[in-house]
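What follows is a set of notes on a single structure, which appears directly below.
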Amino acid sequence: MDKTQAVAGIGLFAGLGPKELAALAGIAEVRSYAKGQDIFFAGDKALGFFSVASGKVRIYQTSLAGKEHILHVFGPGEVFAEVAVFSGGVYPASAQALEDGDYLFFPRERFRRLLAEDPDLAMNMLGLLAVRLRQLVKKIEDLSLREVPARLAAHLLLLAAQSRKRVLSLDLPKGQLAAYLGTIPETLSRVLRRFSDEGIISLSGNGVEILDAARLERQAGGGGGGGGGGGAGVGAGVGGGGMPPAAGRG
Numbered sequence: 001m002d003k004t005q006a007v008a009g010i011g012l013f014a015g016l017g018p019k020e021l022a023a024l025a026g027i028a029e030v031r032s033y034a035k036g037q038d039i040f041f042a043g044d045k046a047l048g049f050f051s052v053a054s055g056k057v058r059i060y061q062t063s064l065a066g067k068e069h070i071l072h073v074f075g076p077g078e079v080f081a082e083v084a085v086f087s088g089g090v091y092p093a094s095a096q097a098l099e100d101g102d103y104l105f106f107p108r109e110r111f112r113r114l115l116a117e118d119p120d121l122a123m124n125m126l127g128l129l130a131v132r133l134r135q136l137v138k139k140i141e142d143l144s145l146r147e148v149p150a151r152l153a154a155h156l157l158l159l160a161a162q163s164r165k166r167v168l169s170l171d172l173p174k175g176q177l178a179a180y181l182g183t184i185p186e187t188l189s190r191v192l193r194r195f196s197d198e199g200i201i202s203l204s205g206n207g208v209e210i211l212d213a214a215r216l217e218r219q220a221g222g223g224g225g226g227g228g229g230g231g232a233g234v235g236a237g238v239g240g241g242g243m244p245p246a247a248g249r250g
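Mapping of the sequence shown onto the UniProt record's numbering: residues 1 to 250, in sequence order.
This is how it looks when you write it as structure tokens:
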């Protein structure tokens with residue numbers, strides 16, 4: 001892996017010059033994890049933070065009853081466990097690789113020294129923390145106000161905006177996706193079938209094709225109608241601007 005090129009692709013470091021990027025690449029450690037491999041557990045000593053170079057990672061917490069709740073899913077160019085930079089202590093949640101992938105690890109103390117020398121990097125870090133706070137507030141709002149159909153619709157629109165495609169591969173197995181959306185697999189399957197029956201999406205194995213983005217956006221924006229179940233939100237708001245144009249269906 002070209003560490004300098006990988007560092008340049010990290011959103012947190014946008015706007016930094018070649019000298020700063022080279023310094024960051026100099027402290028970064030390349031780590032590889034297989035699908036299903038644990039990266040760290042909640043309560044482990046927080047020695048630094050990570051960026052995804054390839055693959056995907058889920059961040060989750062486990063209740064006393066053993067139930068997992070997925071907080072975030074991150075992909076290439078995104079960072080996680082950044083709270084360790086400021087707080088030290090322990091990781092507040094666990095991380096597990098969803099795919100085989102490579103990661104960059106930034107040791108806390110070495111990164112803090114770079115922060116002290118570079119105001120632009122420090123401002124980027126503060127901006128990231130502000131984004132994380134907004135995401136948590138959004139999750140709480142979704143937990144209180146949105147039904148399962150609205151959460152699922154927003155999640156599908158987010159995947160479409162990120163991939164610039166209408167034919168999507170679900171980023172989590174259905175059981176984990178249900179937990180992420182704050183519902184149970186049976187309810188998730190029922191809502192997917194309803195969307196399919198109504199001509200909003202088309203289902204094929206683990207794939208979903210968005211057939212009617214406008215109706216999906218209305219589902220995401222409203223209460224979603226009887227889907228039942230409480231739960232967490234999808235993390236970030238979405239709009240119509242990220243959707244690619246519809247392909248001809250013949």
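Quick reminder that beta carbons are idealized off the backbone N, C-alpha and C, glycines included.
- Beta-carbon to beta-carbon, Val57 and Gly77 are separated by about 12 Å, too far to satisfy the 8 Å threshold.
- Around the C-beta of Asp120, fewer than 16 other C-beta atoms lie within 10 Å, and the residue is accordingly described as exposed.
- Contact check for Phe50 against Ala122 fails: the beta carbons are separated by 9 Å or more.
- Only buried fits Phe40, as 16 or more other CB atoms lie within 10 angstroms of its CB.
- Pairing Leu170 with Ile210 gives a Cβ-Cβ distance that is not under 9 Å.
- Listed as beta-bridge partners of Glu147 by DSSP are no residues whatsoever.
- Following the DSSP letters along the chain, one finds Val90 in no beta strand (DSSP E), marked with neither H nor E.
- Pairing Arg215 with Leu181 gives a Cβ-Cβ distance that is not under 9 Å.
- Selection Val79, Ala153, Asp118 evaluated against Gly11 yields Val79 as nearest (Cα-Cα).
- It is roughly 27 Å from the alpha-carbon of Ile184 to the alpha-carbon of Asp100.
- The closest CA to that of Leu64, considering only Ala42, Leu98, Ile27, is found on Ala42.
- Ala97 is a Cβ neighbour of Ala34, given a cutoff of 9 Å.
- Taking C-beta atoms under 8 Å as the contact rule, Ala25 and Thr4 qualify, at a distance of about 4 Å.
- In this structure, the alpha-carbon of Gly55 lies about 19 Å from that of Gly48.
- Secondary structure in the UniProt domain "Cyclic nucleotide-binding" (12-132): the beta strand (DSSP E) runs of 3 residues or longer, each lying completely within the stretch, are 29-33, 38-40, 48-52, 57-62, 68-74, 94-97, 101-107 in chain order.
- Boundaries of the alpha helix (DSSP H) around Gly221: 213-221.
- Glu20 is positioned such that its CB atom lies no closer than 9 Å to that of Leu168.
- For Gly175, the three-state secondary structure derived from DSSP is helix.
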